[in-house]
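Heads up: the sequence shown begins at 0 in numbering that gives the first Met the number 0, then just goes up one per residue.
Just so you know, even glycine gets a beta-carbon here, dropped at the ideal spot from N, CA and C.
Reviewing the structure listed below.
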Amino acid sequence: MDRIVVEGGRRLKGNVRISGSKNAALPVLVSSLLVDGECVFHNVPDLVDIKSIKLLLEDLGARVETNGDTVMIDASTVHKFEASYDLVRKMRASILVLGPLLARQKKARVSLPGGCAIGARPINLHLKGMENLGATITLEHGYVEAHADALVGNDIYFDVVSVGATENMMMTAVLATGVTLLRNAAREPEITALADVLIQMGAQIEGAGTSVIKITGVTSLKPVEVQIIPDRIEAGTFMVASAMTGGDVTITDCTPDHMGGIIHKLKLSGATVLVNGSSIQVIGSDEIKSLDIQTLPYPGFPTDMQAQFMAMMTVAKGTSVFRETIFENRFIHVSELIRMGADISLSGGNVATVKGVARLSSAPVMASDLRASASLILAGLIAQGTTVVSRVYHLDRGYESLERKFEMLGGAVRREKD
Ligand code: UD1
């Protein structure tokens, strides 16, 4: 297994290009299941999670061809309706095939994803939504089995704002008869990106990006050629890296409009943030100011940036309070940051109080999930000495060429084989 070795103490400087968004690419690639014919997707990041979804689509019978960052998927040869445990357990987002398979073949059998490091992550909202459109759902032998004679539009209210459930229901409803309303829908840019692709395929969707989405079913969809949007979390991670190392980094090919919360908090921390079209320049200040963060559904502050900001706040002047409201177990990086000298205390299960210290010191640390891995590398960038982050396979799920990009910015970040 690989590990990442970080020598602390270097200021980052230069330009870094942001890759395509993992969380936008996953549902968009899956949406090709709704179409007979060749769909072409550009700017697809080269990540383990993307490989997992391509394997799953191939296993279902789709033809998948990759050429650089372009992926062609032709689902006209799909013959299976079952996503096996072996493929689904590698990545929870595999549950996104349930909706399109059901819409396409009126039946689907998908392994239950199970828990993961950051919490239980149930799929009850996905299943309830599909039942509301007329599907019968049973849970047998660890699999969700769904079938429907016909899918009929309905008025659906989500008790919790869920990105995955909103995406799955959009993909189920586009081929249903009549009108579906998704109320209390997620508003993330990845939702709008998926809706844009479905609309280009011929779907009738209004209100994506707001909390009520209206979908009028159509009888068939057509192939598309589309570009995956930039990864706002990768962009945010490099922005924090620049701010906390006192650096001067310009993040290119990103969508600043998707990063309002991140930009606002970085400015409060004392960094200078200059937006110019699709580029953002972040200049770190000599002193990092403490700040409070509460994670919320978009346009609130993203839970996927909480761990990275916490790494920065370990050396801020003053005390910062982090309140995690999306996932119940998303502070696993805290104990590792403490091993590097951070002063963090946890209370009430979802609150972390971070008292800034003068400096961090390097230590061997263990990555526990994707964004926690990024947080530990950021901490390594400012720690005295050499930090070794093991279990980095989490990182490869979501960051393309992370160590190469850091190296290009002058950071001493390298990968080693165990
Ligand atoms: C997606 C993102 C993930 C991000 C998260 C929140 C992808 C592939 N992953 O995950 O990076 O951190 O959004 O922005 O896009 N919930 C239920 N029942 C359900 C579904 C969800 O109770 O049926 C709860 C979850 O436990 C959680 C909350 O809803 O507390 C939000 O989860 P959700 O938005 O569904 O996250 P994902 O789509 O899994």
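My understanding is that residue i touches residue j, with C-beta atoms under 8 Å, so please give their C-beta distance in whole angstroms.
| i | j | result |
| --- | --- | --- |
| V162 | E130 | Not a contact, Cβ separation roughly 20 Å. |
| S361 | G379 | 7 Å |
| H263 | R231 | That pair is no contact at about 14 Å. |
| R16 | T254 | Incorrect: roughly 13 Å between the Cβ atoms, too far for contact. |
| A341 | V356 | 6 Å |
| V70 | K53 | 7 Å |
| L150 | A175 | 4 Å |
| G397 | L369 | 4 Å |
Span of the alpha helix (DSSP H) holding residue i?
| i | result |
| --- | --- |
| K21 | 21 to 30 |
| N123 | 123 to 131 |
| Y84 | 84 to 87 |
| L377 | 369 to 381 |
Roughly how many whole angstroms lie between the Cα atoms of residue i and residue j?
| i | j | result |
| --- | --- | --- |
| P363 | T318 | 25 Å |
| L475 | V281 | What is shown of the chain runs 0 to 417, which leaves residue 475 out entirely. |
| G283 | V387 | 25 Å |
| A172 | S289 | 45 Å |
| V160 | G384 | 42 Å |
| T200 | A373 | With the sequence shown as reference, residue 200 is identified as Met, and Thr is not the correct amino acid for it. Computed Cα separation, rounded: 35 Å. |
| L419 | A315 | The shown model of the chain, from 0 to 417, leaves out residue 419, and the question about it has no answer. |
| L97 | K105 | 10 Å |
| V196 | G208 | 14 Å |
| E37 | D73 | 4 Å |
| N153 | L180 | 6 Å |
| L345 | L336 | 13 Å |
| A82 | A145 | 12 Å |
| L359 | L59 | 48 Å |
| D285 | R10 | 11 Å |
| V412 | T76 | 43 Å |
| Q305 | E323 | 8 Å |
| E233 | D148 | 42 Å |
| M243 | H78 | 51 Å |
| V391 | V5 | 13 Å |
Please list the terminal residues of the continuous beta strand (DSSP E) segment that includes residue i.
| i | result |
| --- | --- |
| F308 | It is not in any beta strand (DSSP E) - F308 instead sits in the alpha helix (DSSP H) that spans 305 to 312. |
| T244 | Element bounds for T244: n/a, residue is neither H nor E. |
| T385 | 385 to 389 |
Is there at least one non-hydrogen atom of the ligand UD1 closer than 7 Å to the beta-carbon of residue i?
| i | result |
| --- | --- |
| T302 | yes |
| A22 | The residue you asked about is not Ala; residue 22 is Asn in the sequence shown. Yes - the ligand UD1 has a heavy atom lying nearer than 7 Å to the Cβ of N22. |
| F321 | no |
| F326 | yes |
| E402 | no |
| N349 | no |
Does any residue of chain C bring its CB to less than 8 Å from the CB of residue i?
| i | result |
| --- | --- |
| G163 | No chain C appears in the structure shown, which is made up of a single protein chain. |
Answer yes or no: the CB of residue i versus the heavy atoms of the ligand GTP, is any distance below 7 Å?
| i | result |
| --- | --- |
| V159 | With respect to the ligand GTP, the structure offers nothing, as its ligand set consists of the ligand UD1. |
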